[in-house]
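> Taken in order, these protein sequences are the chains called H and C. Just so we're aligned: the first sequence equals residues 864 to 1153 in the numbering used here. Just so we're aligned: the second sequence equals residues 864 to 1153 in the numbering used here.
Protein chains: 2
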Amino acid sequence: MTLPPYLAPVSRIDLDRSWGLRLMDPLPPADGARVVRRAVSLLREVSASRGNGATLKMLADGAGLAQPTAHRLLKVLQAEGLLERDPASRTYRLGSLLYEFGLAAAPRVDARRLCAGTLERITEAVGDTTYLNCRSGDDALCLDRREGASEIPALPIEIGNRRPLGVGAGSLAVLASLPSSEVDAVIAANAGRYRRHGLTAERIRTYVEATRARGFAITSGRIVARYRGVAIAIGNGIGGTPASLSVVAVAERLDLRRIELVARLLAREEKALRAILAIEPENPRKGIAP
Amino acid sequence: MTLPPYLAPVSRIDLDRSWGLRLMDPLPPADGARVVRRAVSLLREVSASRGNGATLKMLADGAGLAQPTAHRLLKVLQAEGLLERDPASRTYRLGSLLYEFGLAAAPRVDARRLCAGTLERITEAVGDTTYLNCRSGDDALCLDRREGASEIPALPIEIGNRRPLGVGAGSLAVLASLPSSEVDAVIAANAGRYRRHGLTAERIRTYVEATRARGFAITSGRIVARYRGVAIAIGNGIGGTPASLSVVAVAERLDLRRIELVARLLAREEKALRAILAIEPENPRKGIAP
DNA sequence: ACCATCAATTCCACGATGTGGAATTCGATG
DNA sequence: CATCGAATTCCACATCGTGGAATTGATGGT
């Protein structure tokens, strides 16, 4: 991805700002609950899988577990209802108990509601599929999506899907918006995972630099070469959580002119959204809107 | 007002005075993953807690774990983001990672959408708070809720909350709608949990009989004596999952006349809903409606 | 201020529990 | 039918989780 020189930065990203201290991982690795952590990382792997779900091999590899170990844990998770399995394809997907827990785990700030209008306006304007992404640990999470009128990727990201921070436009924009120390930590943590997306830690670092210089993120789908994404980080995130808006379309639709157009639109919407987010009070303990 | 025997308020039994009996591991001796099961049952306990969340003691007791064990597991679950903790009250509640998983774990049938109209009509008609409940393992789960104009319970059930099958009107209706063999199994499995709600397995059995004979469930709030509930099971459930509709109000609002009125309304709405459910196709892999 | 009480947290010796290499079965593909 | 990779089962070993006991912290009553 070369930088077209005339793509001037649309907005200044204020780097290295404190995110309000959201770290919770520094748990001594010696503490007694390896199994639980492994189980959770299997769940994360499953929710990173797209399409028809993930096979044992994929999950074991992804979580860095021996196959028999993964198998045993998956069986328990399935028995408990956290996972479901399609007997035909032998793939796992998230189970109904997780949906049920999700109902009870209302977020302190309802990002989807707050950004609904923004997503709709963008989709309306560009006609392509628009995403709301946020950070979740070392992953980017697809929080919401609006499908545009134009053709969409063959295997689109679904709401709730995860991928490593830095992989994909929306994800890259989120990563680049983190303080540098965080960026380094995340890239280091994800180093092993980039390979399966045809990337390397080194390349991600370059992308982050470019994204920061440019003010927004572009990707030319390395995985599926036909698609391209444009994304911009959302001010100080949503309720303290780093986030981004992104637009994905077939590559032909996103030539340089149009990239610039979309980027300007995203920048405008991001600014408006930031104003809304600044005003909106915390919505402390409310159920998910019906 | 004199109440028929089945309406007689149950006297409040002292909650959890004696736990001299410390039976460890009611968990079936299954293949290698006791920890994971314990962790999941802690999550279930947390999502059964109302109000400000659950303390270590409550959770350890509820899950039948020793306090240090529960403490260690809770710490890991928190570090992983499945739980959050309020440092002031030292209580746990479900964490944002569960919300995120919930986004990805779309149910095969969107019960909330299918029943939205029904809930609204009932609430409109009676003016009290209306619930949609379903079965989840040995628990009843609050899937959805509409608040009526009238006064609502001090500590209302929230969307996503769980309680043991049989405790509360909506939950009792679900239990009574199960095949007898299932009912026995569930009551046996929950036997230890009824006590903290001031109930016994024996009494639940009686309630189930009464509910089946009557065709709908009534409870006079055992926990907070001011409230009363009326509930009816939904035909063959929703997408194969047993479920119920319930109405809760302050006891004075629900005298015998009104109970009968509400019950008739519920029966009518249940019949209409059953017809809708019979037609509605499965909604295979769709995200949660925005 | 002081003690009493109960919850939360830390410690640690013990052994049950989870582990993963190896072997076996299953399923798809040519 | 043969071949290969994935899924599943087996099992001896020692790692990891366990819970009783001790310590610390919070709360409330007098």
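For every residue, glycine included, the Cβ atom is placed at its ideal position computed from N, Cα and C. The structure presented is a predicted model; accordingly, all values stated were derived computationally and were not measured.
Taking 8 angstroms as the threshold (beta carbon to beta carbon), is C/Ala896 in contact with chain H?
With 8 angstroms as the cut-off, C/Ala896 counts as an interface residue toward chain H.
> Considering only C-alpha positions, which residue in the set H/Gly1098, H/Arg948, H/Ser1043, H/Gly1092 is nearest to H/Glu1072?
The option with the nearest alpha carbon to H/Glu1072 is H/Ser1043.
> Helix, strand or coil for C/Glu947? Go by DSSP, reduced to three states.
Strand.
> For the segment 1036-1062 of chain H, enumerate the residues whose C-beta is nearer than 7 angstroms to any C-beta of chain C, in chain order.
Against chain C - using a Cβ distance shorter than 7 angstroms - the segment 1036-1062 of chain H contributes no residues.
> Spatial neighbours of C/Gly990 within its chain, please: C-beta separation below 6 angstroms, excluding the five flanking residues on both sides.
Answer for C/Gly990: Gly1011, Ala1012, Ser1013, listed in chain order.
> With 8 angstroms as the C-beta to C-beta threshold (strictly closer), list the residues of the segment 921-942 of chain C near chain H in chain order.
Of all residues in the segment 921-942 of chain C, Arg935, Leu936, Lys938, Val939, Leu940, Gln941, Ala942 have a Cβ within less than 8 angstroms of some Cβ in chain H.
> Beta strand (DSSP E) containing C/Asp1118: first to last residue?
C/Asp1118 -> no beta strand (DSSP E), and no H or E assigned at all.
> At 9 angstroms on the CB atoms, spell out the chain H contacts of C/Ser1083, in chain order.
Per Cβ cutoff of 9 angstroms: no residues; C/Ser1083 is ~26 angstroms from chain H at best.
> In the DSSP output, what is C/Cys978 paired with across the bridge?
Paired residues: none, contrary to the question.
> For C/Pro931, which of helix, strand or coil comes out of DSSP?
The answer is helix: DSSP assigns C/Pro931 an H, G or I state.
> Work out the CA separation of H/Ser1034 and H/Thr1074 for me, nearest whole Å.
Each residue's Cα considered, the two are about 11 angstroms apart.
> Would you mind sorting C/Ala1036 into buried or exposed? The rule is 16 or more other CB atoms within 10 Å of its CB.
Label assigned to C/Ala1036: buried.
> Relative to chain C, which residues along the segment 898-920 of chain H have a C-beta separation below 7 angstroms, given in chain order?
Flagged, chain order: Val898, Val899, Arg900, Ala902, Val903, Leu906, Ser910.
> So if DSSP puts H/Ser1109 in a beta bridge, which residue, or which two residues, is it bridged to?
Answer by DSSP bridge pairing, in chain order: H/Tyr994, H/Ala1094.
> Since H/Gly958 meets chain C, which of its residues come closer than 8 angstroms, beta carbon to beta carbon?
Within chain C, the residues near H/Gly958 are Ala968.
> DSSP on H/Leu906, reduced to helix/strand/coil?
H/Leu906 falls in the helix class under three-state DSSP.
> My understanding is that C/Ile1015 touches C/Gly1029, with C-beta atoms under 8 angstroms, so please give their C-beta distance in whole angstroms.
Rounded, the Cβ-Cβ distance is 23 angstroms, inconsistent with contact.
> For C/Ser1083, report the span of its beta strand (DSSP E) as first-last.
Start and end: 1080-1083.
> How big is the Cα-Cα spacing for C/Val909 and H/Ala1106?
Taking the straight line from one Cα to the other gives about 28 angstroms.
> Contact defined as beta carbons within less than 8 angstroms: I believe C/Pro1027 pairs with C/Asp1007. What is the distance between those atoms, to the nearest angstrom?
Rounded, the Cβ-Cβ distance is 20 angstroms, inconsistent with contact.
> What's the gap between the Cα of H/Ser904 and the Cα of C/Pro970?
C-alpha separation (whole angstroms): 22 angstroms.
> Since C/Glu963 meets chain H, which of its residues come closer than 7 angstroms, beta carbon to beta carbon?
Near C/Glu963 (Cβ distances below 7 angstroms), the residues of chain H are Ser999, Leu1004, Gly1023.
> Could you please tell me which residues of the segment 1116-1141 of chain H, in chain order, have their CB closer than 9 angstroms to any CB of chain C?
Residues: none.
> For chain H, find out if any of its Cβ atoms is closer than 8 angstroms to the Cβ of C/Tyr1031; answer yes or no.
Looking at the sequence itself, residue 1031 of chain C is Gly, so the reference to Tyr does not match. It does not: the Cβ of C/Gly1031 has no partner Cβ on chain H nearer than 8 angstroms.
> Roughly how many angstroms separate the alpha carbons of H/His1060 and H/Glu963, rounded to a whole number?
Going by the C-alpha atoms only, they are around 31 angstroms apart.
> Against chain H, with Cβ distances strictly below 8 angstroms, would C/Leu945 count as a contact?
By this cut-off, C/Leu945 is an interface position.
> Secondary structure at H/Thr1063, three-state DSSP: helix, strand or coil?
H/Thr1063: coil per DSSP, three-state reduction.
> Tell me which residues share the same chain as C/Ala923 and place their Cβ nearer than 6 angstroms to its Cβ, disregarding the 5 neighbours each side in the sequence.
Gln930, Ala933.
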